[in-house]
Amino acid sequence: MANVSFDRVEKVYPGNIKAVANFNLDVRDGEFVVLVGPSGCGKTTTLRMVAGLEEISSGEIRIGDRVVNNVPPKDRNIAMVFQNYALYPHMTVWENMAFGLKLRKVPKKEIEARVKDAAAILGIGELLDRRPKALSGGQRQRVAVGRAIVRKPAVFLFDEPLSNLHAKMRVQMRVEISRLHQQLGTTMIYVTHDQIEAMTMGERIVVMKDGRIQQVDDPISLYDRPANRFVAGFIGMPPMNFFAGHVRMSQGGLLFDGVGGMRLPIPEQDMAALAAFRDRPVILGLRPEDIGSAAAEQLPDAPRIRAAVEVVEPMGSESYIYFRLADTTFISRVDAHRKFKVGHTAAPAVFVEKAHFFDPATETRIGSP
Ligand code: ATP
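No gaps in the numbering here: position 245 of the sequence shown is 244 in numbering that gives the first Met the number 0, and each next residue is one more.
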């Protein structure tokens, strides 16, 4: 097992394409870290640099105590699981799993024991004689993971391993990979563009955009205290609502004076930081569950937003209500039994203590840290 550390790592592809810039991170021994971000943000490039499949333009990557910049992939003691599984079609499941060990001249008895153990962990003991084309997507993915497990690597690298699976199998494999991590306790770095995968699997999440780290945090801190507007909008589904407005002084208190006549008192904990923004523009962020939810409606004297109901989307236990307020739309997440009529105006309560504020110039978070 090993930690993985990145020190000012950069990747510039030919044509001066800056894929990764100033990447600093310490993945602890045994930790499960997820790299997440939109397409093209540099997460796969980062993972491939750890694997040795991509050269590092500058900076250093260490696995354990060893700088691996110039170590060939086969000597890095890592195992990578790819999106397309990369199984050998002409080999059986058994052969696929044993192949890497044979190449390394691991004794036959040891290979047998390791393949059997991995097959048991993954529940694919019945499939060992089949070839990949006779397997479902989920089974293929298990074999790909099995091939990685038998190597007993110091670090597992996963590159979007679930994106070719249908939704139900994705959820199942997500749980299986988390369980595998608990069982093996091996360091894992997992790349995905799916924020739900990141939130459910990662002990820590690294949010990336345009080759740069935006925030590194545990899932709940990321959700509760996004460092900037990008992270705020990327993490959470439906996404956070944003409202343009100004900070104004009123009767001794500060308020958010926003689009469509929206007026919300600025909560105590944000007063000091927002005082510096008096009469200046700010962006207010409110998560859908903080508008019109039972928690918001039960608060005494909760401020309200008056807006037109445009669409009601019943989801089963809850409904998503799409509102329009001047040129802004926003979504609220409410109990499915509450009635909202399309075309009517409603005034959902706002859980203002849960508000987020961002500086429109820098897009960074203002207020409660
Ligand atoms: P995706 O989720 O789409 O795989 P990603 O976040 O993994 O995206 P990367 O594949 O790491 O992103 O790509 C980062 C940037 O580097 C992108 O702008 C991409 O076009 C560019 N890039 C990736 N590979 C190469 C390459 N071999 N040559 C030139 N540019 C590349």
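Note that beta-carbon positions come from the ideal geometry of N, C-alpha and C, so glycine has one too. Computed from a prediction, not measured in an experiment: that's the story for all the values here.
{"Check": "Reference Val154; option with closest CA among Met79, Thr44 and Val258", "Outcome": "Met79"}
{"Check": "Backbone CA spacing between Pro295 and His355 [nearest angstrom]", "Outcome": "What sits at residue 295 in the sequence shown is Ala, not Pro. The straight-line gap from Cα to Cα measures roughly 15 Å."}
{"Check": "According to DSSP, residues forming a beta bridge with Ser375", "Outcome": "With the chain running from 0 to 368 in the structure shown, residue 375 is simply not present."}
{"Check": "Sequence-distant residues of its chain with Cβ nearer than 6 Å to His180 (five each side left out)", "Outcome": "Phe31 and Met187"}
{"Check": "Rounded separation between Thr328 and Ala346 - CA only", "Outcome": "14 Å"}
{"Check": "Endpoints, alpha helix (DSSP H) assigned at Glu125", "Outcome": "No alpha helix (DSSP H) contains Glu125, which DSSP labels as neither H nor E."}
{"Check": "Residue burial classification, Glu288 (beta-carbon count within 10 angstroms, cutoff 16)", "Outcome": "buried"}
{"Check": "Within 8 Å, strictly: CB atoms of Ala348 and Val258", "Outcome": "no"}
{"Check": "Phe155: first and last residue of the uninterrupted beta strand (DSSP E) it sits in", "Outcome": "Val154 to Asp158"}
{"Check": "heavy atom of the ligand ATP below 7 Å from Lys208 C-beta", "Outcome": "no"}
{"Check": "Ser56 beta carbon near the ligand ATP (any heavy atom closer than 7 Å)", "Outcome": "no"}
{"Check": "Length of the line joining the Cα atoms of Ala307 and Ser292", "Outcome": "17 Å"}
{"Check": "Candidates Asp217, Val144 and Gly124: closest to Glu202 by CA position", "Outcome": "Asp217"}
{"Check": "Bridge-paired residues (DSSP) for Tyr189", "Outcome": "Val33 and Phe157"}
{"Check": "Meets three-Cβ-pair contact criterion under 8 Å: the region 61 to 76 and the region 206 to 216", "Outcome": "no"}
{"Check": "Neighbourhood of Asp28 by C-beta, 7 Å cutoff - its chain only, sequence neighbours within 5 removed", "Outcome": "Met0, Ala1, Asn2 and Thr186"}
{"Check": "Cβ distance (whole Å) where Pro266 is taken to contact Ala243 below 8 Å", "Outcome": "Their Cβ separation, rounded to whole angstroms, is 19 Å, which puts Pro266 and Ala243 out of contact at 8 Å."}
{"Check": "Own chain residues within Cβ distance below 8 Å of Ala85, not counting five before or after", "Outcome": "Ala143"}
{"Check": "Alpha-carbon to alpha-carbon, Asp223 and Gln194", "Outcome": "15 Å"}
{"Check": "Residue from Arg303, Gly136 and Tyr189 whose Cα sits closest to the Cα of Asn369", "Outcome": "Given that the chain is displayed from residue 0 to residue 368, the structure contains no residue 369 and the question cannot be resolved."}
{"Check": "Which of helix, strand or coil DSSP assigns to Arg169", "Outcome": "helix"}
{"Check": "Nearest residue (CA-CA) to Val206, options Val11, Phe276, Val19 and Gly14", "Outcome": "Val19"}
{"Check": "Between the CA atoms of Gly51 and Pro71 - distance to the nearest angstrom", "Outcome": "6 Å"}
{"Check": "Boundaries of the alpha helix (DSSP H) in which Leu102 is found, first to last residue", "Outcome": "Val92 to Leu102"}
{"Check": "Arg113 versus Ala272: straight-line alpha-carbon distance, rounded", "Outcome": "57 Å"}
{"Check": "Beta-carbon contacts of Thr91 that lie in its chain and below 8 Å, excluding the five residues immediately before and after", "Outcome": "Leu127, Asp128, Arg129 and Arg130"}
{"Check": "Start-end ranges of the beta strand (DSSP E) lying completely within the region 5 to 29, minimum 3 residues", "Outcome": "16 to 26"}
{"Check": "Where Arg146 falls: helix, strand or coil (DSSP)", "Outcome": "helix"}
{"Check": "Opposing strand residues paired with Val215 [DSSP bridges]", "Outcome": "Val205"}
{"Check": "Own chain residues within Cβ distance below 8 Å of Arg178, not counting five before or after", "Outcome": "none"}
{"Check": "Through-space distance from Ile204 to Asn240, alpha-carbon basis", "Outcome": "22 Å"}
{"Check": "Residues of its chain near Pro359, where Cβ-Cβ distance is below 8 Å and the 5 sequence neighbours each way are ignored", "Outcome": "Ala243, Pro280, Val281 and Ile282"}
{"Check": "Nearest-angstrom Cα separation, counted from Leu34 out to Leu24", "Outcome": "11 Å"}
{"Check": "Status (buried if at least 16 other CB within 10 Å, exposed otherwise) for Glu125", "Outcome": "exposed"}
{"Check": "Supposed close pair Val190, Thr361 - CB separation, criterion 8 Å", "Outcome": "Val190 to Thr361, Cβ: 28 Å. No contact."}
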